[in-house]
Amino acid sequence: RAAPPRPHVVLVASPGAGHLNPMSELARRLVAHFGLAATLVTFPDPSAAGPQSAVLSSLRDAGVATAVLPAVPLDDLPPDTRVEAVFFEMIARSVPLLRAMLLRDAAASGAPPLVALVPDFFCSAALPIAAELGVPGYLFVPASLAAIHVMRRAVEINDGAAAGEYREIPAPLRLPSGVSLRREDLPDGVRSREDPMYGRFVEEGRRYRAAAGFLVNTFYEIDPATVEEFKRAAEQGAFPPAYPVGPFVRSSFDEDSASSPCIEWLDRQPTGSVVYVSFGSAGALSVEQTAELAAGIEDSGHRFLWVVRAPSLDGTSFAMGSSDNGKNKDDPLAWLPDGFVERTSGRGLTVAAWAPQVRVLAHPATAAFVSHCGWNSTLESVAAGVPMVAWPLYAEQRMNATFLSEGAGVALRLRAGRDDGVVVGREEIAAAVRELMEGEKGRAVRRRTGDLQQAADMAWAPEGSSRRVLEEVAGRWKAAALGVGKEK
Ligand code: UDP
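And the structure:
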C-alpha cells in the first residue's frame, strides 16, 4: 500500500527577495526535517524575474512545490500611487485568486491534507482563507520580532479607533530590549499618523490578531527580551504567540554555486581584509552620496567589494526595479567618480547591482559589512560573524540600525539615516570603516558579533532552540491532521 500523503503546508511570500528568500528556506526545512509537504505560492515579480525563478527552481529541486499567482491589473491606480500602496493593493487583489486556487486544490481527489496556511506578514489578508479551510493560519515574519512589537503598539493604541481618528505611536518608544526608538527611527508608514500608509499598517496589524502565531526569522539570543515579552502577551491573550525559528540563511542556491567574479576576487584577498558594501535589493543613494561613499571607502585605505546600484535621481532611497522611481537604468558603475576604479583597482572591486551575498559574507576574506540593515542582510552578516557599519535607508531599517548598534552590539551606526536628506561625508565613512576594522569600539563590536554567530549556529544545530520550536509547531500541525483522519 502506498504511504499516506504527507500533511501539506501552503506558504505565501509577498514580492521581494527579502521576503521570498527566507520563506523558501523555511519551506525547504519543513520538508527536509519535519515530514511535511510544502507549496510556496508567490506573486509575479517582473523586477526580479531572474533571481525569483532561480529561487523557485531550486525549491522544486528540494521537493517543495511552487506556484506563481496570475498578475492582477493595477493600471486603474493613479500614476502617482506610492510603491508601498501599489504593493498592498496588488496583494489585496490577489487574495481572491489565492482563495480560488486553495479551494480547488483542497477539493481535488487524493489531495494531501492541508494542515496550515502560512502567509508572510504583508499577506495577512489571506488569513481568512485559513479559517475557511479549517486550518490554522500562521504569519511568517521575515523581519525582526521588534518590528512586530511596533506593529502591536500601533494596533493597541488604535483599539476601537476608526480611520481618520488614528492615534500616533508614542515616541520615544522603549523596546523590550531596552533600546529607545526616536520617532525618526520608527518604521516607514507608522512613524506618523499623517502618513497615508499609516491606516494600511494599522489594518494589517489588526488582522494579525487572527493568526495562530508568528513564525519569526530570528533566534532567541539576538533579542531574548522581546521573545519573553511576547510570551507574556500571548499568555494574557493580548496577541498571538511568536516563535523564533530562524535564522533562515540560504546555503546552496543554484545561482550561488556558479562561478562568480566576486568570489574569485575574494579568493585572492588576505583573510579578514575586505569591507563588503551593499544596500540590499532596493536601496539607492543620491548621486552626491554615491560620490562621497566612493571617496570615503577610498580614504579608509581598506580593501573593499562594493555592490553599486544606480543612484536615485529623485531623492528616494527605495528603488525597486519595477517601480517608477527605479527608472534609472544606466550602468551603475558609470556614476562612480572619475578615476575611482583605476585608483582602487589593486584593492577594490565594484560590481553592478547584485552579488552572491551569502557567499560573500561567508568568505574568509570578508571582515566587515557596510549595510542598509535589511533584516536578511543582518542575519546573514551575524550568521557569518561579520560586524556591520549601519547605514539604514528605508522601511524598518532605521529601527534595525538602532537595535543593532545600541542593543545587540553588532554594528557601529553612522549619522546616515539618522536624519533624512543628510549627505554623509567621506571623513565619517572612512572613520567608521577604520573604527570597525581597527579600533577599540570596533573590537567590542567584533567580539559581540562572534558571540552571536555562535548562538546563530547553535539555533539550528540538532536540539538547537529554533529547530526545536519549529519541530513543536510542525508536530502540532501533524497531530491535528491525524485527529481529523480519525474522526472520518
Ligand atoms: N541580496 C543578494 N545580493 C545583492 C543584494 C541582496 O543576494 O546584491 C540578497 C541578500 O542576501 C538578502 C536579500 O537579497 O537575502 C535582501 O534582503 P534584506 O532583508 O537584507 O533587504 P531588502 O532588499 O529586502 O531591503
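Heads up, the sequence shown is in my numbering, so the first residue is -16 and it goes up one at a time.
Glycine is no exception: its CB is placed at the ideal position from the N, C-alpha and C atoms.
query = Do M371 and A130 come within 8 Å of each other at the CB atom, strictly closer than that value?
reply = no
Figure out for me which residue from A(-4), M441, H355 and V(-8) has the closest Cα to the Cα of I74. A(-4)
Can you check whether the CB of A391 is closer than 8 Å to the CB of L419?
-> no
Leaving out five residues before and five after M441 in sequence, what residues of the same chain have Cβ atoms less than 7 Å from its Cβ? G447
*asked:* Based on DSSP bridge pairs, tell me the residues matched to L156.
replied: L164
Distance cut-off 7 Å: A474 Cβ against heavy atoms of the ligand UDP:
The question about residue 474 has no answer here: the residues shown for the chain are numbered -16 through 471.
**Request:** Spatial neighbours of F301 within its chain, please: CB distance less than 6 Å, with the 5 preceding and 5 following residues excluded, ordered by chain position.
**Result:** A265 and Y377
* **Alpha carbon of R451 to alpha carbon of A457, nearest angstrom** => 10 Å
>> Taking its Cβ as the centre, do 16 or more other Cβ atoms sit within 10 Å of P207, making it buried, or is it exposed?
In response: exposed
Check your understanding: Does the beta carbon of N383 fall short of 7 Å from some heavy atom of the ligand UDP?
Key -> no
Per DSSP, cross-strand counterpart(s) of D289
First, the residue type needs correcting, since residue 289 is Trp and not Asp in the sequence shown. Bridge partners of W289: V260 and T333.
May I ask which residues mark the beginning and end of the beta strand (DSSP E) holding G196? G196 to V199
Rounded to a whole number of angstroms, what is the C-alpha to C-alpha distance between V334 and R431?
30 Å
Discussion item. What does the alpha-carbon distance come out to for the pair R398 and V407?
Written reply: 7 Å
- Task: Use the C-beta contact count for Q272: other C-beta atoms within 10 angstroms, 16 or more gives buried, fewer gives exposed.
- Result: buried
Please go through the stretch 374 to 418 and give each complete beta strand (DSSP E) segment of 3 or more residues, from N-terminal end onward. 394 to 396
Y226 in three-state terms, based on DSSP
strand
Practice item. Please report the residue range of the alpha helix (DSSP H) in which Y181 lies. Key: Y181 to Y191
What residue range does the alpha helix (DSSP H) around F213 cover? P207 to E218
Checklist line | Residue nearest to H285 in terms of C-alpha spacing, selected from L395, A348 and A31 | finding: A348
- Query: For G229, is the beta carbon positioned less than 7 Å from some heavy atom of the ligand UDP?
  - Reply: no
**Q.** In chain order, each beta strand (DSSP E) run of at least 3 residues that lies wholly inside the stretch 83 to 142
**A.** 97 to 102 and 121 to 124
- Assuming Q380 contacts H346 (C-beta within less than 8 Å), just tell me the rounded distance between them. 24 Å between Cβ atoms; not a contact.
Query raised in the report: Taking Cβ positions only, does A(-14) come closer than 8 Å to chain D?
Result: The structure shown contains no chain D; it holds only a single protein chain.
Requested in this report: Could you pull the start and end residues of the beta strand (DSSP E) that H2 belongs to?
Outcome: Segment A0 to F17 is the alpha helix (DSSP H) holding H2; no beta strand (DSSP E) there.
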